[in-house]
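Protein chains in written order, with the working numbering: chain A, 23 to 412; chain B, 139 to 233. From the three backbone atoms N, C-alpha and C, an ideal C-beta is built for every residue, glycine too. Model, not experiment: these values are computed from the prediction. Working notes, beginning with the structure itself.
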Amino acid sequence: MAKRVPMTGNDAGAEALKDVNPDVAAVFPITPQTELMHQFSSYVHDGVVDTELILVESEHSAQSACFGAASAGARTVTATSSQGLLLMAEICAITAATRLPVVMPVVNRAISAPVNIGCDHSDSMFLRDAGWIQLYCENSQEVYDTVLQAFRIGEHKEVLLPVMVCLDGFIISHTMEGVELIGSEAARQFVGEYAPAFRLLDTAKPITVGPLHLTDYYFECKRQVVEAMQNARRVIGEVGHEYGRLTGREYGLIEPYRLDDAEVAIVALGSTCGTAKVAADRAREKGIRAGVLKVRSFRPFPGEEIAAALRHVGAAAVLDRSISYGLPGGPLFHEVRSFVQGGIRLVSYVYGLGGRDITPGDLQGVFADLAATLRSSESDGAYRYIGLRE
Amino acid sequence: MSDLLGWKNMPIGGIIFESGSSRRYVTGGWRTYKPVHALERCIHCLRCWILCPDSAVLVEDGRVVGFDYDHCKGCGICARECPPKCHAIEMQLDR
């Protein structure tokens, strides 16, 4: 029976990992992820799970341990943030290209320099082309639900890719809210027994993992990952639908909010979508038909779905909590723009870098700006910042 | 057209599901120098056979009989490790 418990996002991530009882976890602390694996390691200590916990000496080692364990045929997890993700980046690309469905909560945090522990998406965006599925969560409930779904998505035989479950550092990871849990029994039934596609330690069927592929086969391996990502678009929807039947909480690639009759919209990732929903409600009280489009899956990128959801919208702000130097705007904006066609006016807003706060008032301002843009014939700057001092 | 597999037909993840397939992957072409064996000076201590990283030293009945030039990359470890009093392996430019 489902029960509702106060939890931080880190607690919710640890709870989901506990409910799955993975075979191997590689653990290394980094703010703000530390509490997630700290909590999970207490479940290991208490014998609630029988996971093999590997205390490694760096994130590079953490991902390397994951690569080895997953190659051996183990259901494998780790978690990290910021510099830790960048340090393991080299191995992350190898895990994905070797098609090992490791599940990794990424507690989003700014990257140095200057040193900063606040939330932004610069860390996961750094790895957007590493071959990992990236799902962004709005709140602790979504963290719990998405970690459970991540196993099913990544391990699907037509996908076989590792999955990052991205949650905003501190804003989600350290904020307490009610989370409905389905319990270990239902969770284990939902994720099922792990049946790896191959096992390095199966001596009856010897295989080679990580061999040299030069001009003959390397290109084809990359094309296979393209196909796996394409398949993941369907699988994310199927798994989210099945999870919805189980819990009443349905998930997909995107989530529209009050978008059906909206003339202006905010497109965003992560916890800011919750803030934007509040702002949309308030903007509607002031007569602006405002809506929100949450992009849950950034990799694979649901470009067609986003374009269809925004087709009737007059102007949309695409919010990026990361930045691309040398190219105006952020990655989400450019990817949305590459799919959206027609008369819609798209504006890029970069916001919240290094944990700078984003409030409902800020986003009401964005809706008001969009409404003004709709009524003006001239197109003013398409690249803007929120909360930045000149 | 080549007989290499396409992306739809090959195993995923760069995994090789067949054991011993490197036997078919001929790497002798990487070589600049090749080892030449002087049978009359060889004492068959098998140091070259133990140390060859490509298992390219051919041994029959405990005696070195030559090299597998399809797989020898010409690293020269065998010649270097051959006991100096024998000097039974010499590296020569492989034309």
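To the nearest angstrom, report how far apart Ala312 of chain A and Phe320 of chain A are at their CA atoms.
-> 23 Å
Near Ile229 of chain A, what residues of its chain come up, given a Cβ to Cβ distance below 7 Å and the 5 sequence neighbours on each side ignored?
-> Phe220, Leu222
Buried or exposed: which applies to Leu464 of chain A, given that a residue is buried once 16 or more other Cβ atoms fall within 10 Å of its Cβ?
-> The displayed coordinates of chain A run from 23 to 412. Any statement about residue 464 of chain A would go beyond what the structure contains.
Glu326 of chain A burial status per 10 Å Cβ neighbour count (16 or more: buried) = exposed
Counting contacts by CB-CB distance shorter than 8 Å, is Ser157 of chain B in contact with chain A?
-> yes
Contiguous beta strand (DSSP E) assignments of at least 3 residues, all confined to the segment 359-389 of chain A | 367-373
Beta strand (DSSP E) containing Tyr166 of chain A: first to last residue?
-> Segment 162-177 is the alpha helix (DSSP H) holding Tyr166 of chain A; no beta strand (DSSP E) there.
Alpha-carbon spacing of Tyr207 of chain B relative to Trp168 of chain B, whole angstroms = 11 Å
Report the partner residues of Ala312 of chain A according to the DSSP bridge assignment.
-> A:Val286
Against chain B: residues of the segment 185-204 of chain A by CB proximity under 8 Å = none
For Trp145 of chain B, decide whether its Cβ has a neighbour in chain A, counting only Cβ atoms nearer than 8 Å.
-> yes
Hey, is Ala119 of chain A's beta-carbon within less than 8 Å of any beta-carbon in chain B?
-> yes
What are the uninterrupted segments assigned as beta strand (DSSP E) that are 3 or more residues long and contained completely in the segment 195-260 of chain A, given in chain order?
-> 199-203
Is there at least one Cβ from chain A nearer than 8 Å to Gly166 of chain B's Cβ?
-> no
To the nearest angstrom, how far is it from the Cα of Cys424 of chain A to the Cα of Ala132 of chain A?
-> Outside the shown range of chain A (23 to 412) lies residue 424 of chain A, about which nothing can therefore be said.
Do the CB positions of Leu268 of chain A and Ile204 of chain A come within less than 8 Å of each other?
-> yes
Against chain B: residues of the segment 239-253 of chain A by CB proximity under 7 Å = Tyr239, Glu242, Cys243, Arg245, Gln246
Under three-state DSSP, which class holds Leu204 of chain B?
-> The residue asked about is misnamed: residue 204 of chain B is Gly in this sequence, not Leu. Correct three-state label for Gly204 of chain B: strand.
Starting from the C-beta of Asp384 of chain A, find all residues in its chain whose C-beta is less than 7 Å away, skip the five residues before and the five after it, and write them out in chain order.
-> Ile408, Gly409
Give, in chain order, every residue of the segment 193-215 of chain B whose Cβ lies closer than 8 Å to some Cβ of chain A.
-> none
For the alpha helix (DSSP H) holding Gln61 of chain A, just list the boundary residues, first then last.
-> 56-67
Simplified DSSP state of Phe320 of chain A, which is helix, strand or coil | strand
How would you list, in chain order, the residues of chain B whose beta-carbon sits under 7 Å from the beta-carbon of Ile229 of chain A?
-> Ile153, Ile154, Phe155
Three-state secondary structure (DSSP) of Thr165 of chain B | coil
How many angstroms separate the CA atom of Ser86 of chain A from the CA atom of Ile113 of chain A?
-> 6 Å
Using a C-beta cutoff of 8 Å, does Leu22 of chain A count as contacting chain B?
-> Absent from the model: residue 22 of chain A. The displayed extent of chain A is 23 to 412, so no value can be given.
What residues of chain B sit near Pro233 of chain A, judged by a beta carbon separation below 7 Å?
-> Gly152, Ile154
Looking at C-alpha atoms only, which residue of A:Tyr373, A:Val99, A:Leu122 is the closest neighbour of Gly232 of chain A?
-> A:Leu122
Would you mind stating whether Asp145 of chain A and Ser103 of chain A have Cβ atoms separated by less than 8 Å?
-> yes
Met147 of chain A to Ile194 of chain A, Cα distance in whole Å?
-> 18 Å
Skipping 5 residues on each side, what residues in its chain have a beta carbon closer than 6 Å to that of Ile310 of chain A?
-> Phe389, Ala393
For Met148 of chain B and chain A, any beta-carbon pair shorter than 8 Å?
-> yes
Should Arg333 of chain A and Gly364 of chain A be called a contact, given that it needs their Cβ atoms to be closer than 8 Å?
-> yes
Examine the Cβ distances between the segment 329-347 of chain A and the segment 290-298 of chain A and report whether three or more of them are shorter than 8 Å.
-> yes
Could you spell out the range, first to last residue, of the alpha helix (DSSP H) harbouring Asp33 of chain A?
-> 31-42
Drop a sphere of 10 angstroms on the beta-carbon of Leu39 of chain A, count the other beta-carbons inside from all chains shown, and report buried for 16 or more, exposed for fewer.
-> buried
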